[in-house]
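Under numbering that gives the first Met the number 0, the sequence shown has 109 at position 110, and the numbering climbs by one with no breaks. Beta carbons: idealized from backbone N, C-alpha and C, even for Gly.
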Amino acid sequence: MALVKALLSFIVFVAVLATAAAFAGWFWLQSEIAKPGPSATPQTFVVSPGQGLGTIANNLEQAGLITDARLLRLAFRADGDSGSAKAGEYEIPAEASLSDIKSLLISGAAILHRITIPEGLTVAQTLRIIEANDILTGDLLETEPAEGSLLPDTYLFGRGMTRQELITVMENAQKDVIDELWSGRQTDLPFDTKEEAIILASVVEKETGQPDERDQVAGVFVGRLKRGMRLESDPTIIYGVSRGEPLYNRAGQRRTLYRSEIDRVTDWNTYQIDGLPKTPICNPGRDAIAAVLQPADTEFVFFVADGTGGHAFARTLAEHNRNVAAYRRIERERIAAERAN
């Protein structure tokens with residue numbers, strides 16, 4: 000009996016000793032990982048997808064952000080967080096402690112980069128911007144997305160995102176916008192599908208960059224379609240000629256449309272075809288889509304650029320012809336000035 004009591008006492012003693020040692024070790028670890036780190040300046044640090052804790056810790060030590068990779072591994076494992084570091088690019092503050100770095104990597108609060116895709120670009124022009132971005136990775140698919148299927152916007156992304164992943168995000172964003180706005184559309188619009196709305200929105204987008212004009216331009220086009228009139232939009236001619244790329248003369252200077260191009264029948268030239276172009280002529284933004292679904296109620300039937308970035312609207316053909324003559328005069332003067340320089 001005495002032997003059993005002695006054995007139990009020894010076991011209790013060992014347990015108490017082990018518990019005390021564990022607590023001492025835990026307090027020591029917490030003290031060590033709370034100490035300021037060795038880096039005197041902020042640094043960026045990249046955790047690549049699939050990297051293990053050992054590699055991450057070694058890379059942090061090699062970068063001079065921590066003094067002991069083993070200590071960081073121990074800190075992760077002590078809390079059961081061995082596989083919790085998230086891929087991304089991180090901004091590590093100066094003198095960041097092991098505890099700070101551990102929390103940052105677990106949080107996934109990585110640096111976000113941005114890419115801006117302006118409204119009115121074609122898919123081909125948009126892809127050139129995406130391909131030129133040196134933060135995105137990977138190649139694009141050989142098959143281009145459909146014209147009009149990418150929502151222009153500013154997108155935030157982490158290092159490691161692929162170009163094709165961004166394209167998918169943009170396609171989904173465009174679908175979400177048209178789905179959201181479609182239910183609130185006017186009931187008497189001269190088109191029946193979301194696809195047709197995107198086509199008309201693309202024409203509106205190319206016709207004006209003035210936010211306060213979009214619903215007015217949309218109202219003119221909607222009115223013309225209801226009357227059975229052709230849209231007669233210059234950007235639709237250009238898309239049929241060059242798929243939306245700027246037009247140049249033989250001297251490499253920007254030019255206006257030739258008469259032969261205005262008269263050329265294409266699937267997009269709304270001077271020569273009735274109704275809408277075959278496809279969108281660019282990627283329209285949210286505001287242009289909203290404008291064609293809720294166009295202004297207007298008596299205007301015509302409009303032409305006024306040379307200042309806006310447009311001159313007209314109710315009659317005679318008034319419109321005067322506006323066109325004024326614009327052509329401004330264009331001739333502009334072209335002459337550019338060539339003189």
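Where residue i falls: helix, strand or coil (DSSP)
{"i": "Q293", "result": "coil"}
{"i": "L155", "result": "strand"}
{"i": "Q50", "result": "coil"}
{"i": "G87", "result": "strand"}
{"i": "I329", "result": "helix"}
{"i": "I114", "result": "strand"}
{"i": "R213", "result": "helix"}
{"i": "F75", "result": "helix"}
{"i": "T18", "result": "Model confidence at T18 stands at a pLDDT of 49, short of 50, so the residue's coordinates are unreliable and nothing is read from them."}
{"i": "F220", "result": "helix"}
{"i": "L61", "result": "A small fix is needed here, since residue 61 is Gln in this sequence, not Leu. It is helical."}
Beta-carbon gap between residue i and residue j smaller than 8 Å
{"i": "Q173", "j": "L150", "result": "yes"}
{"i": "L316", "j": "T269", "result": "no"}
{"i": "I129", "j": "L165", "result": "yes"}
{"i": "A313", "j": "F301", "result": "yes"}
{"i": "D214", "j": "P294", "result": "yes"}
{"i": "C281", "j": "L103", "result": "no"}
{"i": "V202", "j": "S232", "result": "yes"}
{"i": "I116", "j": "D152", "result": "yes"}
{"i": "I261", "j": "I237", "result": "no"}
{"i": "L64", "j": "I91", "result": "yes"}
{"i": "L292", "j": "R184", "result": "yes"}
{"i": "P189", "j": "V221", "result": "yes"}
{"i": "G412", "j": "T265", "result": "Any question about residue 412 goes unanswered here, given that the chain covers just 0 to 340."}
{"i": "N322", "j": "A311", "result": "yes"}
{"i": "E204", "j": "G284", "result": "yes"}
{"i": "A68", "j": "F44", "result": "no"}
{"i": "L52", "j": "A84", "result": "yes"}
Near the ligand GTP: residue i beta-carbon under 7 Å from a heavy atom
{"i": "H319", "result": "Inclusion of the ligand GTP in the displayed structure is not the case, the ligand content being empty and no account of it being possible."}
Opening and closing residue of the beta strand (DSSP E) in which residue i lies
{"i": "R258", "result": "First-last for R258: 258-262, but that is the alpha helix (DSSP H), not the beta strand (DSSP E)."}
{"i": "A304", "result": "301-304"}
Exposure label - residue i; buried when at least 16 CB within 10 Å
{"i": "K225", "result": "exposed"}
{"i": "E146", "result": "buried"}
{"i": "K34", "result": "exposed"}
{"i": "I288", "result": "buried"}
{"i": "G36", "result": "buried"}
{"i": "L111", "result": "exposed"}
{"i": "R331", "result": "exposed"}
{"i": "P210", "result": "exposed"}
{"i": "R223", "result": "buried"}
{"i": "N320", "result": "exposed"}
{"i": "E179", "result": "exposed"}
Span of the alpha helix (DSSP H), counted from its first residue to its last, around residue i
{"i": "L103", "result": "97-106"}
{"i": "K174", "result": "162-181"}
{"i": "S201", "result": "193-206"}
{"i": "R127", "result": "122-131"}
{"i": "P234", "result": "233-241"}
Opposing strand residues paired with residue i [DSSP bridges]
{"i": "F312", "result": "F302"}
{"i": "D253", "result": "It is worth fixing the name first, because residue 253 is Arg in this sequence and not Asp. BP columns for R253 point to Y247."}
{"i": "T136", "result": "T161"}
{"i": "F44", "result": "Y89"}
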